[in-house]
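*Asks:*
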Amino acid sequence: MPAIEVGRLCYKVRGHEAGRKCVIVDIIDENMVLVTGPKQLTGVRRRRVNVKHIAPLDRAISISKGASDEEVLKALQEAGLLDFMKEKVKMEKALV
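Under this note's numbering, the first residue of the sequence shown carries the number 4, and numbering increases by one thereafter.
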């Protein structure tokens, strides 16, 4: 499993944004991280998230800690990942 680090691409597994991709912008502590979509690209607004509510992907971009949405968008564009980020991850409903 990829590490939780600044610049790591991930997708949300819980909440109303489940299945949407985002980027880790800052690590608050061992349980919480700051993520952004950016909102205009993926629909995920900048917010703190429990690490149990995200799943890291095997891709990462080079951004500084606390990067703005504009900086994240520019890094995604330079890496050629804009179309990849727009795609939603298909979530399977758990049988309870």
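We put the beta carbon where it would ideally sit given N, CA and C, even for glycine.
Given the structure is predicted, the values throughout are model-derived calculations rather than measurements.
#1: Do Val16 and the ligand MG come close, with the Cβ less than 7 Å from some heavy atom?
#2: Given this structure, state the Cα-to-Cα distance separating Cys25 from Glu73, to the nearest angstrom.
#3: By how many angstroms is the C-alpha of Ile64 removed from the C-alpha of Val38?
#4: Taking Met88 as part of the alpha helix (DSSP H), name the residues at either end of that continuous run.
#5: Using only CA atoms, which one of Lys91, Arg62, Ala70 and Ser71 lies nearest to Ala82?
*Replies:* Walking through what the data contain:
#1: No copy of the ligand MG occurs in the structure displayed, which carries no ligand at all.
#2: 14 Å
#3: 13 Å
#4: Leu85 to Lys89
#5: Of the candidates Lys91, Arg62, Ala70 and Ser71, the one whose C-alpha sits nearest the C-alpha of Ala82 is Arg62.
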